[in-house]
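Following: one structure in structure tokens, then a few remarks.
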Amino acid sequence: MKKIFLAVVFMLLGFTMFAQQYVMTSDGYTINGQVKKSTGYVTLRTYLPDGNELLDSVLIDKKGKFVFRGYATEPMPALLTVNGKKRYRVYVEPKISMELTIDPKKDLPEVKNAPQTQRWYSIVTPIGNEDYDVYLSRLENWTVSNPEDIFSPDIMATYLSHYWTYEDLSRHLNTLKAHATQVYYYRHLRDREASLQKISIGQKAPNISLKDLNDKTVNLKSFLNGKKYVLIDFWASWCTPCREEMPILLANYQNYKSKGFDIYGVSLDKNKKSWQKAVENDGIEWTTVSDLKMWQSPTVSDYMIKSIPDNVLVDASGKIVAKNLRGDSLTAKLKELFDVESYRITGNIDGVKEGVVKLTLLKEGGEKETFVERINNGTFVFAGEVERVCMGMIDLPIRDGIISFFMGNENITIKGSKKDLDNVRIEGSSSQTLFTNIANKCNREKNPMQALMNWVMDNPTSIYSPFIISNYLYPYMSEADRENAIRSLKGDATTMFQYSLLMQQLGEQVANTDQQTNKAKDFTLEDTKGDLVSLYNYIKANKYTLVSFWASWDNNSRTKNIEYLKLYKQYKANKFNIISVSLDDSKYAWTSAIEADGIGKWTNVSDLNRWNSAVVKLYNLKSLPYNMLLDNQGNILGKNLSLDEIIQIIKKK
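In this text, residue positions in the sequence shown follow my numbering: the first is 832, and each later residue adds one.
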């Protein structure tokens, strides 16, 4: 069992953080500390709501005592460190005089007169001999059940987020609300989310340009030329698990290099001789590069590498197709990609004499591929290849019926009668057999629909989940339940045809809701100064407000900014105002464009999450620029309006 470390460990999330003077006005707090049998110094690093940090340090006196005094308008997380080694989480809060007793031999401090700190330890302290995975699961469940609690983003950052993919982190962050979204850790987890998104599956891998053992610069982008798949392998000569993995890498390299597979090894070594010796001793045949900076290498930051061995598999275009493939999982993935077999579907349907039968493959991204064959005396054959498991649909001639099933590259037989297509036997498709077992198990429950719903929520990565939602659950679900279920899907589930349909339906659902209510949905985002701006609070002071969705990188948006500037100057005296919502991901690019276009005259807001912005999902944005004209009650007077249309509405009103 993994050892549970009780000390609250502040994890480096890859964020750029700095200490600065921070002035707060309220009653102060005091931390009266006692360190048993110790001298030296204690530091207190307070994590401020604006995303910055405040650092203070005091000496431990001869009696082992120390005191911190400060000001806080609200509870804030802080890290107290003794002599740069032992670390303890505390929460500073207004009007408290905390008593803290620290025994360096123990993992937990004794805390008195500090409600938030005591509450923190009551939540995060393991229960008895709690298994580590059970412990993490309990903490995760706590954050889900407490989306407004300021502890939730802290727990995510400290204990959970380093295990999560981009999809996991994004899903959990989107559950948080109210004050939990206005604290230090929430802000920095959003930064981590943006960084993870850039290296998530489906994204282009960051380019690498490092020198090999012959001091020749090898550029990853150029290295991909002529290859089908390349494994970017992060390793080091001093890493024992990395060296143990080498025989597996070597076997896969030799098996698939003739088919277009290669490895681009990135060494986190510091000593070139050690690196070279490891290459020779392990018989590494592929290209290895390094800047000999170990963990300080920019590549480590670009790929958010926290431990090695680690790897990323990319295709010929540099798109990430898989991550962290170890041992058998790497072998299985390469077998899936390179050892492409074929499918053969043999059908025998009584009662269908002759005609044309059609096979439609429902593939990723909503794509359909159709094949046509003749059917004679009920018999037909289709043969071909599919990249991954998908849905197949057999259309019998003259609308005799449709047979749907999951299929891969297998020998599949379909037997049955035209008179009873619901009971057609499909044999040889392992994916269809598994789905049938799932459906039958749920059907045996007292409430089959609820059983199916529970299965989907427990299996958000399954290829069957989008099909179950689309074909079974959709008509019986509320709009809120539909959205939650669809947005929970991830991984392999997103490669299915039905997932694309559900996302499209979700967009239409949001659009229809907007049309029915004709009310803008409220949002709260930061302006360029970091202050929170609520849409509904903003529009109250004006008769009309134009909400402009734009981005610095979109030329059409920049052209619209010029038009809106003229509109603003002409009608601002008539209580007309503008709020611009940017889909940028760089604050520098965003603020530079504001200055260049002269639109700083009105409020500009953004969460700097580009197309992952909350407003994209809120308004189902598909393209830029886009606008809405609102009255001071939040009623939508028009959408995506031209300049003349905006003026006509203003004058008419």
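Cβ atoms here follow ideal geometry from the backbone N, Cα and C, with glycine treated the same way.
Nearest-angstrom beta carbon gap, residue 1079 and residue 1158 [assumed within contact, 8 angstroms]: 6 angstroms
Stretch pair the stretch 1146–1156 + the stretch 1212–1221: three plus CB contacts closer than 8 angstroms: no
Residue range of the alpha helix (DSSP H) that includes residue 1133: 1129–1133
Contacts around residue 1399, its chain only, beta-carbon distance under 6 angstroms, and the 5 residues preceding and following it disregarded: 1409
Bridge partner(s) assigned by DSSP for residue 885: 877
Assigned secondary structure, residue 1203 (DSSP; H/G/I helix, E/B strand, else coil): strand
Distance, residue 932 Cα to residue 867 Cα: 8 angstroms
Residues sharing a beta bridge with residue 908, DSSP: 922
Terminal residues of the beta strand (DSSP E) in which residue 1428 lies: Looking at the DSSP string, residue 1428 is not in any beta strand (DSSP E); the run it does join, the alpha helix (DSSP H), is 1418–1428.
Contacts around residue 1123, its chain only, beta-carbon distance under 7 angstroms, and the 5 residues preceding and following it disregarded: 1100, 1101 and 1103
Distance between beta carbons of residue 1331 and residue 1197, contact taken as under 8 angstroms: 4 angstroms
At least three beta-carbon pairs within less than 8 angstroms, the stretch 1436–1452 to the stretch 1408–1427: yes
Residue 1111 - DSSP class collapsed to helix/strand/coil: helix
Segment contact, 8 angstroms Cβ cut-off, at least three pairs: the stretch 1245–1261 with the stretch 1271–1286: no
DSSP three-state assignment for residue 1329, whether helix, strand or coil: helix
Of the listed residues 1357, 1310 and 1098, nearest to residue 1485 (C-alpha basis): Given that the chain is displayed from residue 832 to residue 1484, the structure contains no residue 1485 and the question cannot be resolved.
CA nearest to the CA of residue 1327, picked from 1060, 1294, 1318 and 1350: 1294
Touching by the beta-carbon criterion (3+ pairs, under 8 angstroms), the stretch 1207–1214 and the stretch 1174–1185: yes
Straight-line Cα distance separating residue 1049 from residue 1121: 10 angstroms
Contacting residues, own chain, Cβ-Cβ under 8 angstroms from residue 1216 (five flanking each side not counted): 1171, 1172, 1173, 1174 and 1240
Beta-bridge pairing of residue 1094 - partner residues as DSSP gives them: 1062
Cβ shell of residue 1042 (< 8 angstroms), same chain only, five flanking positions each side left out: 1048, 1049, 1120, 1121 and 1122
Collapsed DSSP secondary structure at residue 859 in the structure displayed: strand
Residue 1377 and residue 1285 closer than 7 angstroms at C-beta: no
Residue closest to residue 909, alpha-carbon to alpha-carbon, out of 1261, 1456, 875 and 1233: 875
Secondary structure of residue 1446, DSSP reduced to three states: helix
Span of the alpha helix (DSSP H) around residue 1316: 1310–1319
Residue 1473 (DSSP reduced to helix, strand or coil): coil
Same chain, Cβ closer than 6 angstroms to residue 1037, neighbours up to 5 away in sequence not counted: 1133
Cβ-Cβ separation, residue 998 to residue 1321 (assumed contact under 8 angstroms), whole Å: 4 angstroms
Residue 917 classed as buried or exposed, judged by whether at least 16 other C-beta atoms fall within 10 angstroms: buried
Entirely enclosed alpha helix (DSSP H) segments - the stretch 1277–1306, minimum 4 residues: 1279–1289 and 1296–1299
Which of helix, strand or coil DSSP assigns to residue 1275: coil
Inter-residue CB distance, residue 1015 and residue 879 (contact presumed, cutoff 8 angstroms): 6 angstroms
Euclidean distance between Cα positions of residue 1482 and residue 1418: 36 angstroms
Contacting residues, own chain, Cβ-Cβ under 8 angstroms from residue 1188 (five flanking each side not counted): 1178, 1203, 1204, 1205, 1206, 1211, 1225, 1226, 1227 and 1228
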